[in-house]
Each structure stands twice: as structure tokens, then as C-alpha cells.
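Heads up: the structure comes next, in C-alpha cells.
Protein chains in written order, with this note's numbering: chain E, 39 to 151; chain H, 260 to 374.
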């Protein structure tokens, strides 16, 4: 069974600083990996996804993530944090469209002015 | 294109009362999901539909929870009777179905508070 582990339930960065949110996955077959963002009192919105094409994936709002098979990681980064990036971020994994996404517990990102 | 629509957005009930949540997926999406999100946690799957068939309901507490998707379009999730521990956000999501990459499109959720 596949799973994801998000390291750090809360990350705090200064505005303009690098954002790094960590995600490690466990899957017995090549995975599809996703990052979703959830703003307060809203549903989840897709940031980016890895589906076995390019290992460096670019998403919306300046975020990107790199699939590293050797490290079983799919960390999310953004070069310069903005106040509007403050939200909850979820990493998720599946291995086909026939199986549901399995989500991590989430990382809450705070951005300090 | 309209997104996934859920109602109500918020519901407050007394314990032991029934409650129902409604979801209308994106047009043409054959697969519909109900997820449970507890405070500070990631979403957890309750049930997945392929058209009108529930293909994965292993995590649905069947003693008090039920769901239906009669015509393979919109869906209703019901809890009867509600317990204090059911306070959470109930998220509906949809996808195009088999052969896709697993990307889900979520509604804004229905937040349940049981007093």
C-alpha cells in the first residue's frame, strides 16, 4: 500500500525566504505524486503533479517539486515566500487512476512579514 | 466550467440527530469521492463511486454512515445518528475516472459541528 510522510506539521518562513516542504513516499510501484494547497475554510486545490514525465515539476504560484526516486522524496519548494502562500499543504500519492489518492497529514506554512 | 459543488457549507446539529451532505461533481466526471478531514489532518477516503457503483467503501462506518449516487451524477452522504466525534469537514471530489492520472478536483467542503 502506498503512503506519504510529511516532515514537519508546521513550517514558518520570512517573507522573501525559501520555502521547503518535505514529502517522502512509500510505494511498491511507480507512483503518481501530488501537492495540494488548502486555504482556510476552502477545499483542496492542485498545486502540481508528477506523473512519470519530467522529474522537475512546475506548478502554480511559483511552486515546484522534484521527484527523486533514490530518496523516495517529492519535496515542494518556492524561491521566495509571499504572505499569500500561508496555507496548509498536502502531499498525496497514488499509482494509477483506478486507486484513490492517499494524503499526508499536511504541513501548515506560516509566512512572517 | 463549474467546479465541484457541495452543500451545506456549514452544519451544526445536536448529537443523535441525522445530517445529510450533497455533492454535485464536475460535469462528465464519472468518479466521485467522499473524504473525511479531521482538524489538523489530511483527508481520508470514506467512499469512492464509479458512476453509480460504490467500488470502495471499506472505510465507511456503515453502522451510521450511508451514501448514494443513484443516477451516477450527484451524491448524498448521510450520518444517522451523529456522534460528537463526527465533527469534521466532509470533502467531495471528482475525477474523470479510469485511465486518468488520479488528479482529484475538490469542493469547498461541508463543515459539521456536533454538539
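The C-beta atom is built at its ideal place from N, Cα and C for all residues, glycine as well. Note that the structure is predicted; figures quoted are calculated from it, not measured.
When C-beta distances to chain H are compared with 9 angstroms, every residue of the region 109-122 of chain E stays at or above that value. DSSP places residue 283 of chain H in the uninterrupted beta strand (DSSP E) bounded by 278-283. About 6 angstroms separates the Cβ atoms of residue 364 of chain H and residue 285 of chain H, confirming a contact at the 8 angstroms cut-off.
DSSP, read as helix, strand or coil, puts residue 353 of chain H in strand.
Residue contact with chain E for residue 367 of chain H: present (Cβ-Cβ distance below 8 angstroms to some residue of chain E). Exclusion of the five residues before and after residue 141 of chain E leaves 128, 130 as the residues of its chain whose Cβ lies within less than 6 angstroms of its Cβ. Interface with chain E (8 angstroms Cβ-Cβ cutoff): residue 316 of chain H is excluded. When DSSP states are grouped into helix, strand and coil, residue 315 of chain H belongs to the strand group. Sorting E:104, E:74, E:151, E:85 by C-alpha distance to the C-alpha of residue 98 of chain E places E:85 at the top. Under the three-state reduction of DSSP, residue 289 of chain H is assigned to coil, being neither helix nor strand.
Nearest Cα to residue 122 of chain E within the set E:92, E:39, E:77: E:77. Not a single C-beta of chain E is nearer than 8 angstroms to the C-beta of residue 312 of chain H.
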